[in-house]
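One line per chain: the protein sequences are A and B, in this order. Residue numbering for the first sequence is 1 to 74, as defined by the numbering used here. Residue numbering for the second sequence is 1001 to 1262, as defined by the numbering used here. Positions of the beta carbon are idealized from the N, C-alpha and C atoms, including for glycine. Please read all numbers here as calculations on a predicted model, not as lab measurements.
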Amino acid sequence: MDAEAAKLLGAGLAAIGAGLASIGVGNVFAKFLEGALRNPGAADGQQGRLFIGFAGAELLGLLAFVIAALLIFQ
Amino acid sequence: MAEAKVDPMHQFTIEPLFGSESWALGATGINIAFTNSALWMLITTLVLFAFVMGGMKRELVPGRWQMMVETFTGFIDQMLEANIGKAGRKYVPYVFTLFMFILFANLLGLMPLGVIGVHPFTFTSHFTVTGVLAIMSFTIVLAVGFFKHGLHFFSLFLPHGTPWWMAPVIAPIEFISFMVRPFSLGLRLFVAMMAGHVLLEVLSSFVISGGNAGPLFAVGIGIPSMILMIGICALELLVAGIQAYVFALLTALYINDAENLH
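If you want it as structure tokens, here you go:
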């Protein structure tokens, strides 16, 4: 396998990370909704924390995208 | 059929608008050519200025425009109050500016101005820009931390109640997670904006190539891609708002660390 092909394969594999991050982001919002429906009164106060969790989960997916972009365009 | 290849990265090219020869700063090797990136920063600033000035009439009974601006300032004020407490008030100008600048930049970059021949440039899709914004936030955190707490600021790296034998492990981890903050802050905004724009460009290339490849492909690929693109555009508007909010929120959290330690 030459280096160029390996790079493209690696970029494709990095896309798995983006998919896994989507599970993470889905989890964050799912759990928030679950909790919010049980106690709607407390939900509004926790939106900041919701987005912190979202940002943390999303960052890892974005890192996977960066890896893929570096492999393709470097 | 002509091989028309769409390059999704072309939209991020930075071009000097008025040439780059006469813009060199002497022998320093630094060139300050006025680029399309700088142009859109200027446009964002002007639009933002017009938006906020329109709401600064200070009427007792606010009109619609003033209401709109006050919603934004109130939103940031509330966020800082919730995350930092009373001391958060003095950071409202900075965080408000940061939030609105990023929000307007993201939204202006998504405007469909291409139909009238103007191609908007999303400068938040460049790490140089978001990186500088992140460094500004990080500098404020460091300055506030060291001015307010002096060397006691280093206790940030050792959370309360850490057993003494865990300290050699916890302190380096906390230190690394602290130093990574500006990178993750800048990287998140830049990658989110770039990924969205690349996605839109790739989908639009599907529409164009599908339309060129004959009626079957136009109906089978072009139209579904077009519908998906409209959906993704709505999603990108949401992402533009969320990323600006997340940037401001994380800045507030980091300032809270500096202001109150933990």
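{"query": "Buried or exposed by the 16-neighbour rule on C-beta atoms within 10 Å, applied to B/Q1243", "result": "buried"}
{"query": "Residues in the segment 56-68 of chain A having any Cβ partner in chain B nearer than 8 Å", "result": "E58, L59, L62, L63, F65, V66"}
{"query": "Buried or exposed by the 16-neighbour rule on C-beta atoms within 10 Å, applied to B/E1236", "result": "buried"}
{"query": "Span separating the alpha-carbon of A/A64 from that of B/V1129", "result": "21 Å"}
{"query": "Three-pair Cβ contact test at 8 Å for the segment 1181-1194 of chain B versus the segment 1118-1137 of chain B", "result": "yes"}
{"query": "Touch test, the segment 1087-1099 of chain B against the segment 1222-1241 of chain B, Cβ-Cβ under 8 Å, three pairs minimum", "result": "no"}
{"query": "Residues of its chain near B/F1206, where Cβ-Cβ distance is below 8 Å and the 5 sequence neighbours each way are ignored", "result": "I1221, G1222, S1225"}
{"query": "Exposure of B/E1015, with buried meaning 16 or more beta-carbon neighbours within 10 Å", "result": "exposed"}
{"query": "Among B/L1142, B/I1176, B/A1033, nearest to B/L1025 - alpha-carbon criterion", "result": "B/A1033"}
{"query": "Segment limits, alpha helix (DSSP H) that includes B/G1211", "result": "1167-1212"}
{"query": "Buried/exposed call for B/H1197, threshold 16 Cβ in 10 Å", "result": "buried"}
{"query": "CB contact flag (B/N1031, B/S1020, <7 Å)", "result": "yes"}
{"query": "Short CB-CB distance (under 7 Å) between B/R1188 and chain A", "result": "yes"}
{"query": "Test: A/F32 CB closer than 7 Å to a CB of chain B", "result": "no"}
{"query": "B/L1158 versus B/I1170: straight-line alpha-carbon distance, rounded", "result": "7 Å"}
{"query": "Rounded separation between A/A5 and B/M1194 - CA only", "result": "24 Å"}
{"query": "Minimum Cβ-Cβ distance from B/L1249 to chain C less than 7 Å", "result": "Any reference to chain C falls outside this structure, whose protein chains are A and B."}
{"query": "Chain-ordered chain A contacts of B/S1184 [CB-CB under 8 Å]", "result": "L59"}
{"query": "Distance CB(A/L60)-CB(B/V1191) smaller than 7 Å", "result": "no"}
{"query": "Counted within 10 angstroms of its Cβ, other Cβ atoms place B/T1045 as buried (16 or more) or exposed", "result": "exposed"}
{"query": "Alpha carbon of A/A68 to alpha carbon of B/S1209, nearest angstrom", "result": "24 Å"}
{"query": "B/A1248 vs B/L1098 beta-carbon contact at 7 Å", "result": "yes"}
{"query": "Span of the alpha helix (DSSP H) around B/F1104", "result": "1092-1110"}
{"query": "Host alpha helix (DSSP H) of A/K31 (start-end)", "result": "3-38"}
{"query": "Pairwise C-alpha distance: A/Q47 and A/G35", "result": "12 Å"}
{"query": "Exposed unless 16 or more other CB atoms sit within 10 angstroms - verdict on B/S1022", "result": "exposed"}
{"query": "Per-residue contacts from A/G41 into chain B (C-beta, under 8 Å)", "result": "None at all; the shortest Cβ gap to chain B is about 16 Å."}
{"query": "Chain B residues whose Cβ lies nearer than 8 Å to that of A/G35", "result": "Those within 8 Å of A/G35 in chain B number zero; the least Cβ separation is about 18 Å."}
{"query": "Selection of the segment 1225-1256 of chain B by Cβ proximity to chain A, strictly under 8 Å", "result": "I1242, Y1245, V1246, L1249, L1250, L1253"}
{"query": "Cβ contact check for the segment 23-43 of chain A and the segment 1169-1183 of chain B: 3 or more pairs under 8 Å", "result": "no"}
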